[in-house]
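Residue numbers (the numbering used here), protein chains in the order written: chain B, 1105 to 1536; chain H, 1105 to 1536.
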């Protein structure tokens, strides 16, 4: 029996670690509570009806089925027994490890307003994406039915809280839907009348990007008709709209649909892990790690991706897919080197750049010394994402789907689905 | 203002009526509680992970967006006011008609055992399909985790109740998944060990098909390892399995997954409609109609598709998509002719034949005088379905997806998703 590696989480970090370890003399168990890997940078395309969930998800078993010494387990790790070196699942079963890699990512943070979670869904899971898709489409449907002017206006107002890449991409896609995709589909409303607000607390949208790209992104959004509000804080959210505070002044925006793209915090397992190992999580709940991504005093415990607090040149590395991939590969290399009694240099994040699309044909990009925006940036975005999706078995279909949608101005996956809706129906019918 | 036609239901019948009426001098309102038309003959492919819901659904608005005098409304019709000539929606709003076409289809019938609905889900909606997909995949996941032999056997036993086309297609696809798609994905179990039972009350599976095709279908299923049980009635279903009565003998099949493909009955609106017009529904709850598909004494009320009781040569016309399409087109023609004061011959169903696939490469077909099975029948099935999907904007993508799956032996959309699962997670996490 070889060295036993348990990987918790099958996102970009966990999956890349598992793939790399497939070539080594180790027994790997990958545990995830979902049976698929999710290409989360494209989740906003599911939320806006361009892609189906199946097109951006790959069954973990299938991705790893050639690695005969890799086992995939559907389950949720809720605790860890550091002394016996076992992770503990929600059904109380235990899996022993010699080295464990934790990669369960992050979840939304509503900044001490947990009651906002229901009112303003975020975009982390497939279920989030299909729920948001239903909300967006239902807003137009309800506006079509409503004859009251004020109500209709609120139905057609969409507020996106958070001006990072997710918020910007959502706002752009939503503008495209209302201006382009739905044009001609309704009889009582004009979908292009939709008001889209993007609220950002910092001085600029895309605050982590170079300033002139933020300016370019804001210009692109304005061209699409999106109202950006920077240096603005959301102070209240309810069923009827949001209250925004900017320049000492509070404004009310009546809106039936509010989406959350603001804060994230480490997944709850980070807290458990910190407690069991005696380290102190950072402000976002992340586990602080050593230069080799292990927990202080526990070289056998590695933490990677969004749940790791790793400072480089005094700054936390960004919470994006490339960081997780690089850390996943590093963790695999570290384990291999240790088994060979070889040294490993500390982890170093290599910044390949940042990219965000803004609707059709526009994007902003920062790649090495190059900073550019517009159509060429959009082509770059397309190319980079297609390259990454090469990891996916259905990559070619996404290309076909995108090409089809691009030329027909259509989004095929415009389905209002969901248990909730169904239950309502049953309940309603029960009354008859 | 022209003649007002209200169409209730956007399935095959309602959609074809709406399309045909788009060319006439009438104002059409199509009301459906879903925002999309569903290509339901391919629902089993969603349930078995071959296609995504978005690939077999088309937004009704998009399908009809060029018909400027056609309005699409998201809503559920729950009643009708025959005197004022208005249909009544669940939100109590009313829509006036000069002619109304009812086409809300059918739902499952559990033969006086409503408690079986939760235990043995049927396959009518997108939510049904994704729920079944989750159940099937979870069964293999649970078997991989369970070390108890008996439990594992029950996890890997699948019972399909009803040997009509849906049951046969589900059984074939499930056999293909366990023998082919999942091969090599698991470490503790062999997915090919799965036991698949198909239970049919009549003497043969596919009882509505010519006998020698039923024999061919059964032979194909047996080759795939499916156990068919004919002249067998399900007398009990619970969490642990089903009880089957055949030849006076009761047998117990321990099984964790039971799927319902047996009875159907008309949608609940049929009952309301019969009550308001004073006609008596047939045994399956369908509304009896005149030779021109109208309700006796109400020439302005037409009923088409699965909810209409229409006898031809003394026999109810089959509850399949072609019947609904033909009746939809007939209803449109009838309305046009009436406005022109022209007569219309009574409706006559033209039987184009029957087709059912059995896993990969096999099918049975009856087309006019031709009855055949095997690979050529499968090609015919493929061709016919591709032709019909030409109505769909994303037809080409299905071709690509099928070709891809066929050659790679893969099914890309193998996702375990759903609100329920998510809620469980939240609840569990709340305990930590």
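Heads up, the beta-carbon is just placed ideally off N, CA and C, and yes, glycines get one too.
- In the structure shown, residue 1301 of chain B adopts extended strand secondary structure according to DSSP, grouped into three states.
- Under the DSSP assignment, residue 1461 of chain B falls in the beta strand (DSSP E) whose first and last residues are 1458-1461.
- Secondary structure remark: continuous beta strand (DSSP E) runs of at least 3 residues inside the stretch 1126-1181 of chain B, in chain order: 1130-1136, 1140-1142, 1161-1163, 1174-1178.
- With respect to the 8 Å criterion, residue 1237 of chain B and residue 1151 of chain B are classified as neighbours on the basis of their beta carbons.
- In terms of CA proximity to residue 1462 of chain B, B:1267 leads the group B:1252, B:1267, B:1423, B:1446.
- Residue state for residue 1255 of chain H is assigned as helix, using DSSP reduced to three classes.
- By a beta-carbon distance limit of 8 Å, residue 1227 of chain B contacts residue 1270 of chain B. Their separation comes to about 6 Å.
- Around residue 1490 of chain B, no beta-carbon contact reaches into chain H at under 9 Å, the shortest distance being about 16 Å.
- A straight line joining the alpha-carbon of residue 1293 of chain B with that of residue 1138 of chain H spans about 19 Å.
- Close to residue 1159 of chain H, with beta-carbon spacing below 7 Å, are these residues of chain B in chain order: 1156.
- Residue 1110 of chain H is positioned such that its CB atom lies closer than 8 Å to that of residue 1191 of chain H.
- Secondary structure note for residue 1433 of chain B: its alpha helix (DSSP H) is the uninterrupted segment 1425-1443.
- Here residue 1366 of chain B carries a coil assignment [DSSP, helix/strand/coil].
- In this structure, residue 1133 of chain H lies away from residue 1205 of chain H, with their beta-carbon atoms at least 8 Å apart.
- Residue 1169 of chain H belongs to the set of residues whose beta carbon lies under 8 Å from a beta carbon in chain B.
- Between residue 1179 of chain H and residue 1194 of chain H, the C-beta spacing is below 8 Å.
- Among the residues of the stretch 1248-1262 of chain B, those with a Cβ less than 9 Å away from any Cβ of chain H are 1248, 1249, in the order of the chain.
- Within 10 angstroms of the beta-carbon of residue 1449 of chain B lie fewer than 16 other beta-carbons, which makes it exposed.
- Neighbours of residue 1175 of chain B in chain H, taken as residues whose beta carbon is under 7 Å from its own, are 1291 in chain order.
- Under the three-state reduction of DSSP, residue 1487 of chain H is assigned to helix.
- Here residue 1413 of chain H has 1386, 1390, 1391, 1392, 1393, 1420 as same chain residues with Cβ atoms under 7 Å from its own Cβ, once five neighbours each way along the sequence are excluded.
- Residue 1310 of chain H places its beta carbon 8 Å or farther from that of residue 1298 of chain H.
- Chain-ordered, the chain B residues with CB closer than 8 Å to the CB of residue 1230 of chain H read 1519, 1521.
- In this chain, the beta strand (DSSP E) harbouring residue 1403 of chain B covers 1402-1407.
- As for any beta strand (DSSP E) of minimum length 3 sitting wholly inside the stretch 1279-1342 of chain H, the runs are 1299-1303, 1330-1333, 1336-1342, ordered along the chain.
- 8 Å or more divides the Cβ of residue 1169 of chain H from the Cβ of residue 1117 of chain B.
- The CB of residue 1241 of chain H comes closer than 7 Å to the CB of 1139 in chain B, given here in chain order.
- Ranked by Cα distance from residue 1182 of chain H, the first of H:1401, H:1437, H:1378, H:1460 is H:1378.
- Under the DSSP definition of a beta bridge, residue 1381 of chain B lacks any partner.
- Look at residue 1239 of chain B here: in three-state DSSP terms it is helix.
- By the neighbour-count definition (other C-beta atoms within 10 Å, threshold 16), residue 1172 of chain B is an exposed residue.
- Separation of residue 1202 of chain H and residue 1161 of chain H (C-alpha to C-alpha, rounded to the nearest whole angstrom) is 30 Å.
- Under the 8 Å Cβ criterion, the stretch 1331-1339 of chain H counts as touching the stretch 1350-1365 of chain H, having at least three qualifying pairs.
- Under the 8 Å criterion on CB atoms, residue 1363 of chain H is classed as non-interfacial with respect to chain B.
- Residue 1432 of chain H and residue 1122 of chain H have their C-alpha atoms some 8 Å from each other.
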